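Here's the structure, in structure tokens; my notes come after.
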Amino acid sequence: MTVIDGKATAATIRAELAVRAAAFEEKSGKKAGLAVVLIGNDPASQIYVRNKIRACEEAGIRSFAHFLPENTPQKDALALIKALAADESIHGILVQLPLPRHLDAKELLAAIPAEKDVDGFSAEDIGKLAKNEGGTVACTPLGVMELLRRYRISVAGKRAVVVGRSNIVGRPMAMLLLNADATVTICHSKTSDLKEICREADILVAAVGKPKFITGDMVKEGAVVIDVGMDRDENGKLCGDVDFEGASAHASFLTPVPGGVGPMTIAMLLQNTVEAAERTLS
Ligand code: NAP
Numbered sequence: 000m001t002v003i004d005g006k007a008t009a010a011t012i013r014a015e016l017a018v019r020a021a022a023f024e025e026k027s028g029k030k031a032g033l034a035v036v037l038i039g040n041d042p043a044s045q046i047y048v049r050n051k052i053r054a055c056e057e058a059g060i061r062s063f064a065h066f067l068p069e070n071t072p073q074k075d076a077l078a079l080i081k082a083l084a085a086d087e088s089i090h091g092i093l094v095q096l097p098l099p100r101h102l103d104a105k106e107l108l109a110a111i112p113a114e115k116d117v118d119g120f121s122a123e124d125i126g127k128l129a130k131n132e133g134g135t136v137a138c139t140p141l142g143v144m145e146l147l148r149r150y151r152i153s154v155a156g157k158r159a160v161v162v163g164r165s166n167i168v169g170r171p172m173a174m175l176l177l178n179a180d181a182t183v184t185i186c187h188s189k190t191s192d193l194k195e196i197c198r199e200a201d202i203l204v205a206a207v208g209k210p211k212f213i214t215g216d217m218v219k220e221g222a223v224v225i226d227v228g229m230d231r232d233e234n235g236k237l238c239g240d241v242d243f244e245g246a247s248a249h250a251s252f253l254t255p256v257p258g259g260v261g262p263m264t265i266a267m268l269l270q271n272t273v274e275a276a277e278r279t280l281s
């Protein structure tokens, strides 16, 4: 069984992107720029945003951090996003989710123009993904595809099962696997016979948000198991949606948590930002 090293793969990608970011700077006379908007005091979001800003700086991408208080009115948040949309030094805009409850996330995200939508959440990008016409893809599922590609795991013709159907992970993940010619099944909380369906998977992606939900008896012999989950176990320790020990008895490839999909998400955010900047040159 091979443990897929997302940390090392992400480091390689970040180094490659630093070269592309430097080339962009040389051609355009300015750095690729990513604006990160964090509204409120969610501690996990603060950590994610800090990590994203640090990764940007290390790759030679300029970050513009906007930290707004929890009680920010909708009109102020909207005005900020519109100003960032009009700013030519900014190539990507990321609004960290979840937003405080009083804010209309849909309206705020819709204010990000598609060309600066480095999260791939816009209706335009989701439409392109659904039609297999390119566009910017959500960072986490894109990171999973990149892991499969770099580990030379073939997807075409394989049975893929995605557990979870969220807009940011499960759905785009299933679409990417379908676009790569897998035969895809999407499972969710109303799925019957989940165990049997998972056991048919050559490629099993878990994006459920429940610690160690996928147990060894749900994994087919030789399956590739990708754990997107970032959960806490009964002792408060970070763990994934997959029971690593149980799955490792059957899987051929397995991503750990931490050090699997997580670091790839940030690497793909940088990649989407560099690509958004590069598109402004053409
Ligand atoms: P989410 O929006 O809560 O979606 C969870 C999905 O799991 C839903 O589609 C839900 O089904 C399904 N589900 C829940 N219970 C189930 C059950 N008993 N059987 C089958 N399906 C079930 O979560 P998310 O945003 O997609 O995130 C999923 C996990 O990935 C979380 O642990 C999150 O922290 C992690 N994550 C990691 C990264 C990263 O960078 N590594 C990025 C994003 C998210 P219904 O639709 O029927 O409710």
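Under numbering that gives the first Met the number 0, think of the first position of the sequence shown as 0, with each following residue one higher. C-beta atoms are modelled at their ideal positions from N, C-alpha and C, and glycine is treated no differently. As the structure is a computational prediction, the values presented were derived from the model and not from experiment.
C-beta atoms of residue i and residue j nearer than 7 Å
i, j, result
"V207", "V162", "yes"
"R158", "H187", "no"
"P262", "A9", "yes"
"L93", "V273", "no"
"V18", "V35", "no"
"G104", "G119", "Reading off the sequence shown, one finds Ala at residue 104, where the question assumed Gly. Contact flag unset, no."
"D226", "A205", "yes"
"V241", "I213", "yes"
"R61", "K30", "yes"
"I3", "F243", "no"
Residue i (DSSP reduced to helix, strand or coil)
i, result
"S247", "helix"
"G32", "strand"
"I125", "helix"
"S62", "strand"
"R13", "helix"
"R100", "coil"
"T272", "helix"
Straight-line gap, residue i to residue j (C-alpha atoms, nearest Å)
i, j, result
"A82", "T11", "34 Å"
"P140", "G235", "26 Å"
"A275", "D86", "14 Å"
"R198", "V154", "17 Å"
"K194", "D230", "21 Å"
"P210", "A246", "13 Å"
"A250", "V218", "7 Å"
"E69", "Q95", "13 Å"
"A78", "N50", "26 Å"
Bridge-paired residues (DSSP) for residue i
i, result
"R19", "Bridge partners of R19: none, in fact."
"D226", "A205"
"D116", "I92"
"T279", "Per DSSP, none; premise fails for T279."
"V241", "I213"
Burial state of residue i (16 or more Cβ within 10 Å)
i, result
"G221", "exposed"
"L147", "buried"
"R100", "exposed"
"T75", "According to the sequence provided, residue 75 is Asp. The question's Thr does not apply to it. Exposed, by the Cβ-count rule."
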